[in-house]
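Asker:
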Amino acid sequence: MGAQYLSFHCTYTIPVAALLTIFYYPFFTRRDICKITFLDILVVTATIPWDSNLIRHGIWSYPPDATFNRSLYNIPLEEVAFFVLQTSITGLMYCTCSKVLVLPMYLPVRPVRRTRNLGGLGLVGLFAIGMICFDAGLPVHHRSAMAAGVWLIAPAMQLGVHVVALEIEEMLFFPVTNVMIVFGLIGFDYACAMAEYTTICTGVAPGTTRDAVKDVLQAMIHPPAIQASVITNLQQAVARLHEKSQSMFVGSALFQGSVRVDLIYVYSFCRVIDDLIDDA
3 MGAQYLSFHC
13 TYTIPVAALL
23 TIFYYPFFTR
33 RDICKITFLD
43 ILVVTATIPW
53 DSNLIRHGIW
63 SYPPDATFNR
73 SLYNIPLEEV
83 AFFVLQTSIT
93 GLMYCTCSKV
103 LVLPMYLPVR
113 PVRRTRNLGG
123 LGLVGLFAIG
133 MICFDAGLPV
143 HHRSAMAAGV
153 WLIAPAMQLG
163 VHVVALEIEE
173 MLFFPVTNVM
183 IVFGLIGFDY
193 ACAMAEYTTI
203 CTGVAPGTTR
213 DAVKDVLQAM
223 IHPPAIQASV
233 ITNLQQAVAR
243 LHEKSQSMFV
253 GSALFQGSVR
263 VDLIYVYSFC
273 RVIDDLIDDA
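Counting from 3, one number per residue, gives the positions in the sequence shown under my numbering.
1) Among the residues of its own chain, which have a CB less than 7 Å from the CB of Asn-2, if the five just before and after it don't count?
2) Could you work out which residue in Ile-50, Arg-33, Leu-79 is closest to His-11 when comparing CA atoms only?
3) Measuring only the C-alpha atoms, how far is Met-250 from Leu-243?
4) Apart from the five residues just before and just after Ala-221, which ones in its own chain have a Cβ nearer than 7 Å to its Cβ?
5) Can you have a look at Gly-205 and say buried or exposed, based on whether 16 or more other CB atoms are within 10 angstroms of its CB?
6) What's the C-alpha gap between Ile-202 and Ala-48?
7) Are there 16 or more other CB atoms within 10 angstroms of the CB of Ile-188, so buried, or fewer, so exposed?
8) Looking at the unbroken alpha helix (DSSP H) that takes in Gln-88, where does it start and where does it end?
9) Is the beta carbon of Leu-105 less than 8 Å from the beta carbon of Asp-191?
10) I believe Val-263 touches Leu-236 by the beta-carbon criterion, under 8 Å. Please report the beta-carbon distance rounded to the nearest angstrom.
11) Would you mind working out which of Thr-179, Leu-44, Ser-9, Thr-210 sits nearest Gly-259, comparing C-alpha positions?
12) Please classify Ser-270: does DSSP put it in a helix, a strand, or coil?
13) Can you check the segment 189-255 for any alpha helix (DSSP H) of at least 4 residues that lies completely inside it and give the ranges in chain order?
14) Please classify Asp-67 as buried or exposed, where buried requires at least 16 neighbouring CB atoms within 10 angstroms.
15) Just list the residues that DSSP pairs Leu-74 with in beta bridges.
16) Determine the burial state of Ser-92: buried for a count of at least 16 other Cβ atoms within 10 Å of its Cβ, exposed for fewer.
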């Protein structure tokens with residue numbers, strides 16, 4: 003029984019997750035919590051069969067003196083914690099980067115030929131990919147952990163290609179898995195954006211969390227037809243507020259869903275009236 007893996011978490015992953023949580027705490031919404039929790043559950047559920055199979059076939063292993071010898075389907079609990087921590091760190095960085103975005107305004111008006119025009123939410127993806135740069139540090143820390151014997155990869159299973167003294171398999175692991183996590187976060191936001199669009203059009207906001215979940219699922223199963231006029235009006239209101247009063251625009255990010263959209267329309271209307279009075 004050892005604490006090397008726990009020491010790795012205490013040195014690298016837990017401090018980063020804690021700092022991001024403290025920084026983002028004032029901006030947390032129920033949707034953010036649901037989004038990160040949902041991705042955590044999805045990642046752990048999807049990764050356990052894969053990781054367990056690799057361990058059982060000896061592709062990689064964990065020395066007995068590196069963990070507390072408590073496992074879930076042959077996977078040390080410290081490794082399961084790593085799944086959660088990596089996903090949470092990526093989720094917090096994504097939420098921080100995308101907080102100011104008004105999601106419905108990025109919905110594609112014409113959903114056809116998406117390979118050429120990904121729509122505005124495609125920009126969210128390109129924007130979010132930039133935060134994966136934090137992976138540049140993870141392989142380095144990962145290498146130090148391997149050197150300390152926290153986990154081992156069977157030599158017969160390696161390609162023998164090294165990048166900065168690190169196996170190519172390990173170098174690719176973090177960016178590939180983080181891209182998958184980011185795409186999952188974007189997919190979650192896309193479904194929420196469609197549900198928000200439906201609320202904008204109907205004027206009927208969900209009264210409970212269960213209603214909100216039902217609206218998101220309904221939007222995923224039966225996507226609404228996006229009207230250009232609705233998206234254009236929202237884009238103009240956001241642009242006006244962003245130009246005339248950035249403090250109000252940033253302040254609106256503390257709210258979510260249709261409440262934020264309503265505030266943006268109200269603030270934008272007030273700015274138009276204020277400009278008319280000034281010009282009178």
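Ideal Cβ placement from N, Cα and C applies to all residues, glycine included.
Just so you know, these numbers come straight off a predicted model, no measurement behind them.
Answerer: The structure says:
1) Summary: the structure shown does not reach residue 2, with the chain confined to residues 3 through 282, and so no result is reported for it.
2) Leu-79
3) 7 Å
4) Ala-193, Met-196, Ala-197, Thr-200
5) exposed
6) 35 Å
7) buried
8) 79-100
9) yes
10) 7 Å
11) Thr-210
12) helix
13) 211-223, 230-246, 248-254
14) exposed
15) Ile-77
16) The amino acid at residue 92 is misidentified as Ser; the sequence shows Thr. The residue is buried, with at least 16 neighbouring Cβ atoms inside 10 Å.
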